[in-house]
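Peer 1: Residues in the sequence shown are numbered consecutively from 211, following my numbering.
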Amino acid sequence: MRTDAKIYIAGHRGMVGSAIHRKLQQEGFTNFVLRTSQALDLRNQAAVHDFFAQEKPTHVFLAAAKVGGILANNTYRADFIYDNIMIQSNVLHAAWEHKVEKLMFLGSSCIYPKLAPQPLQEEALLTGTLEPTNEPYAIAKIAGIKMCDAFRAQYGCNFISVMPTNLYGPNDNYDLQKSHVLPALMRKFIEAKRQQLPSVTLWGTGTPLREFLHVDDLADACYFVMKHFNEAGFLNIGTGKDISIHELAKLIQKTVGYEGTIVLDKTKPDGTPRKLMDVSKLSALGWQPKYTLEAGIQNVYEIIKDTNWETK
Ligand code: GFB
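What follows is the structure, given as structure tokens:
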């Protein structure tokens, strides 16, 4: 990718797209073509084709998606499958038709079977049944990987895919009903400390294990992979380390300096018991994350500690 490449970042205002935008700017890229979702509804096929015909980007990062935590995935099941399949189908098809040189599709670790052997190797895709709470989202993301591969096989398109683990960082979603666990717990502990509440409630049993990657590390990995990977299939992106939800809560509690107790709401789902990425393929290419989980949580805490979510 030359620094004058015309780059379309789909989803540039989201947590992932904005991190990729920051990273590319740091690397000297200046020729971006960007559209908000208000300006361009990626579910609209004609609008997407008109956009590609007009702008003719040479490189695309497909980071636009309908995303959310376990409850949002489970509640808005139709939206998660429909929006994601429409967005990725339209963008991939238009990228082929308008001769994009290279495209990166971003998925998620939820593509793996619920009970796949851990750590999750890329080869485990489609070897078993999915976790029910996010099956619609996972099916959409699996379709995205397979579309990239099909366009590569039939038309020679250089479309690549990466599957990040659970992410967090600047521009995350703090809506308690829709967010992922890490931003939800950051907000819950910050507000509990501020309001001197006696306890903070975790959903589920606290025993599920999750891996967390700072989104600036993800963006660094995406840039690295865009330069070095040109194959079918996909690469996992993660840290290779996981932690229980209860231990995560204690880490956030310590960072925030909250002195109350932690209680469990076991009526809420746990989701998949463990989701640890095998990152040996990416490591072998020469990429490593920079943030420890402690440093990443501290970084986010500094950014959000004075936020008043009630007034947002
Ligand atoms: O991050 P999360 O919503 O999604 O939840 P998944 C992870 C774990 O944290 C679950 C627990 O066991 C939750 O029950 N948890 C505890 C909480 N307290 C909370 C809380 O206050 N809020 C939330 N959200 N969780 C998502 C998928 O799965 O991961 C998506 O649904 C996607 O499709 C994403 O793959 C990365 O890790 O379970």
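Note that beta-carbon positions come from the ideal geometry of N, C-alpha and C, so glycine has one too. Note that the structure is predicted; figures quoted are calculated from it, not measured.
How many Å lie between L492 and D251 at the Cα?
Peer 2: Distance between the alpha carbons of L492 and D251 is about 33 Å.
Peer 1: Taking only the alpha-carbon atoms, compute the straight-line gap between K476 and M211 and give it to the nearest angstrom.
Peer 2: If you take the alpha carbons of K476 and M211, they lie about 49 Å apart.
Peer 1: Do the stretch 426-433 and the stretch 456-475 meet, that is, are 3 or more Cβ pairs less than 8 Å apart?
Peer 2: The stretch 426-433 is not in contact with the stretch 456-475.
Peer 1: Could you tell me whether the stretch 483-498 touches the stretch 409-419, using the rule of 3 or more Cβ pairs below 8 Å?
Peer 2: Yes, they touch.
Peer 1: Using alpha carbons as the reference points, say which of N368, A494, N383 and Q298 lies closest to R253.
Peer 2: Minimum Cα distance to R253 is reached at Q298.
Peer 1: In whole angstroms, what separates the C-alpha of F174 from that of L335?
Peer 2: What is shown of the chain runs 211 to 522, which leaves residue 174 out entirely.
Peer 1: Which value, in whole angstroms, describes the spacing of the CA atoms of A350 and L272?
Peer 2: Between A350 and L272, the C-alpha separation is close to 14 Å.
Peer 1: Any idea what DSSP makes of F212, helix, strand or coil?
Peer 2: For the sequence presented, residue 212 should be read as Arg rather than Phe. Coil.
Peer 1: Nearest-angstrom Cα distance between R245 and A256?
Peer 2: If I take the Cα positions, the gap works out to 15 Å.
Peer 1: What does DSSP give as the partner residue(s) for K485 in the beta ladder?
Peer 2: Its beta-bridge partners are R420.
Peer 1: Note down the Cα distance separating Q498 from T449, rounded to an integer number of angstroms.
Peer 2: Approximately 8 Å, taken between the alpha carbons.
Peer 1: To the nearest angstrom, how far is the alpha carbon of L392 from that of L458?
Peer 2: Rounded to the nearest angstrom, the two C-alpha atoms are 8 Å apart.
Peer 1: May I ask you to check if the CB of P329 is nearer than 7 Å to at least one heavy atom of ligand 1?
Peer 2: Flag unset: Cβ of P329 not near ligand 1.
Peer 1: Indicate, with yes or no, if ligand 1 has a heavy atom lying under 7 Å from the CB of G279.
Peer 2: The answer is yes for G279.
Peer 1: Below 8 Å on the Cβ atoms is my guess for G443 versus E332; work out the distance and round it to an integer in Å.
Peer 2: About 6 Å; that satisfies the 8 Å criterion.
Peer 1: Alpha carbon to alpha carbon, how far is P342 from A305?
Peer 2: About 32 Å.
Peer 1: Identify the continuous beta strand (DSSP E) that holds A220 and give its terminal residues.
Peer 2: Run containing A220: I217 to A220, per the beta strand (DSSP E) assignment.
Peer 1: Going by DSSP, what residues sit across from W413 in a beta bridge?
Peer 2: For W413, which the question treats as bridged, DSSP gives the partners D475.
Peer 1: Is the stretch 378-390 in contact with the stretch 353-364, if contact means three or more CB pairs nearer than 8 Å?
Peer 2: No: fewer than three Cβ pairs fall under 8 Å.
Peer 1: Restricting to runs no shorter than 4 residues, where is the alpha helix (DSSP H) found entirely within the stretch 320-389?
Peer 2: Fully enclosed alpha helix (DSSP H) runs of 4 or longer: 345-365.
Peer 1: Would the C-beta of P418 count as close to ligand 1, meaning under 7 Å from any of its heavy atoms?
Peer 2: Yes, since a heavy atom of ligand 1 falls inside the 7 Å radius drawn around the Cβ of P418.
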